[in-house]
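If you read the sequence shown in my numbering, its first letter stands for residue 105, the second for the next number, and so on. All C-beta atoms in this analysis are idealised placements derived from N, C-alpha and C, irrespective of residue type, glycine included. A short write-up of the structure that comes next.
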Amino acid sequence: MILFTTPDEWQRLRAALYQPGSRVGFVPTMGALHDGHQTLFERAQAENQVCVGSVFVNPTQFNEQADLANYPRTLQSDIDVAAVAGCDLMFVPSVQTMYGDDLSAVRVSYGPVTDILEGALRPGHFDGVITIVRKLLSAIRPDVLYLGEKDFQQLAVIREMVRRENIRTEVRGCTLIRDVDGLALSSRNARLSSQGRRQALAGVQTLHEMTEKASYTSPRVLVEYGAAQLSAQPGVDLEYVEVIDEENFLPAEQFIPGKPYRALIAFRVDGVRLIDNVRIFE
Ligand code: AMP
């Protein structure tokens, strides 16, 4: 696997190594790579001629300085994981390369998709995400962008950005990967104590119960049930439980057969913020 650190270097490598028109699949990450990231690389490799990844801990998307400071940085092992998963080239830019002297994010609102849930609880988060993904897409110019359903709202936000800005990159969402015990894989799980990890399983358990009840109740009752369950769990600090209509990202008022709905949760355990989601009526 080849490492590169600037967009110019990528242009030179692309011209030197690949036929014009070779399909490029791109997997942006913040590193601390795990099996969830690995599936994105594998898919990008399988569906394209070139698989490019990036590792960049984007400062502008962190609304809490402590979260940024504590974010795990494991570049050496990331290189090994990505190479095994089929990543051909890895972009590892500096903050200076991505932002120059202007470490700021453009303020963006696309309606509910940017404004509710993560948008409401993490002010400025999606501004930072949109800013960095725009910069990365303009540096790499991939044919296909691979993003995980783990960050379901982020996926919807980036789809909306690409649509609104007529960016010639196709966005593909990849299934959320879980650990054997059901916990959604996340780079932040490394910061959980063993007790915290057990307590965090209440999240996926609640989501599972919500999907089981969905066929005989309304979205609002389901949300109340999920919130009551999760907030009653020891060690769990609930941020939100919501059920949204995937087509417009609005809180669902009723279930209409055949339409896609998703339950999303965010909570803290051991001070670590965790998110998870499931499709309702799979
Ligand atoms: P991150 O490094 O956490 O910013 O994530 C980089 C990409 O990997 C994002 O598109 C995430 O949604 C995706 N990702 C992270 N964790 C998982 C997971 N458990 N399953 C699937 N995709 C994931």
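If you follow the beta strand (DSSP E) that residue i is part of, which residue opens it and which one closes it?
i: Y250; result: 248-252
i: G277; result: 274-278
i: I271; result: Note, I271: premise wrong, no beta strand (DSSP E); not H, not E.
i: V373; result: 365-373
i: G157; result: 154-159
i: N381; result: 376-384
i: L107; result: 106-108
In terms of residues, what are the limits of the alpha helix (DSSP H) holding residue i?
i: F353; result: Careful: F353 lies outside any alpha helix (DSSP H) and carries neither H nor E.
i: P132; result: Element bounds for P132: not the alpha helix (DSSP H) but the beta strand (DSSP E), 128-133.
i: L121; result: 111-121
i: H141; result: 139-151
i: N174; result: 169-174
With a Cβ-Cβ cutoff of 8 Å, do residue i and residue j count as a contact?
i: L311; j: C278; result: no
i: T133; j: V156; result: no
i: G135; j: E151; result: no
i: S290; j: L378; result: yes
i: G339; j: Q303; result: yes
i: I106; j: L207; result: no
i: F256; j: A318; result: no
i: V261; j: Y203; result: no
i: D380; j: A288; result: yes
i: R226; j: N167; result: yes
i: T201; j: T109; result: yes
i: G286; j: L305; result: yes
Please check the pair residue i and residue j, which I expect to be a contact at CB under 8 Å, by giving their CB distance rounded to whole angstroms.
i: A189; j: E146; result: 5 Å
i: L296; j: E253; result: Not really, about 21 Å apart at Cβ, beyond 8 Å.
i: P323; j: A356; result: 4 Å
i: L334; j: G307; result: 7 Å
i: E264; j: V217; result: 6 Å
i: V196; j: T235; result: Their Cβ separation, rounded to whole angstroms, is 19 Å, which puts V196 and T235 out of contact at 8 Å.
i: P361; j: A243; result: Not really, about 44 Å apart at Cβ, beyond 8 Å.
i: Y365; j: D349; result: 6 Å
i: L453; j: V185; result: Here the chain has residues from 105 to 386 only, and residue 453 is not among them.
i: V65; j: T315; result: In the structure as shown, the chain starts at 105 and stops at 386, and residue 65 therefore has no counterpart that could be examined.
i: P163; j: V212; result: That belief does not hold up - the Cβ atoms of P163 and V212 are roughly 17 Å apart, past 8 Å.
i: V154; j: L144; result: About 15 Å separates the two Cβ atoms, so there is no contact after all.
i: V237; j: R276; result: Not a contact, Cβ separation roughly 14 Å.
Determine, for residue i, whether the minimum Cβ-Cβ distance to residues of chain B falls below 8 Å.
i: N167; result: No chain B appears in this structure, which consists of one protein chain only.
**Study point:** Stretch-stretch touch, CB-based, cutoff 8 Å, three pairs: the stretch 223-234 with the stretch 115-126
**Key:** Too few Cβ pairs lie closer than 8 Å, so no.
Check your understanding: Does the stretch 330-350 come within contact of the stretch 358-372, defined as at least 3 CB pairs closer than 8 Å?
Key -> Touching, yes.
Exercise for review: Could you pull out every unbroken alpha helix (DSSP H) segment of at least 4 residues lying fully inside the stretch 183-246, listed in chain order?
Suggested key: List check, alpha helix (DSSP H) in window: 199-203, 216-219, 222-225, 229-244.
**Study point:** beta strand (DSSP E) runs wholly inside the stretch 303-360, at least 3 long, in chain order
**Key:** The stretch 303-360 contains these whole beta strand (DSSP E) runs: 341-349.
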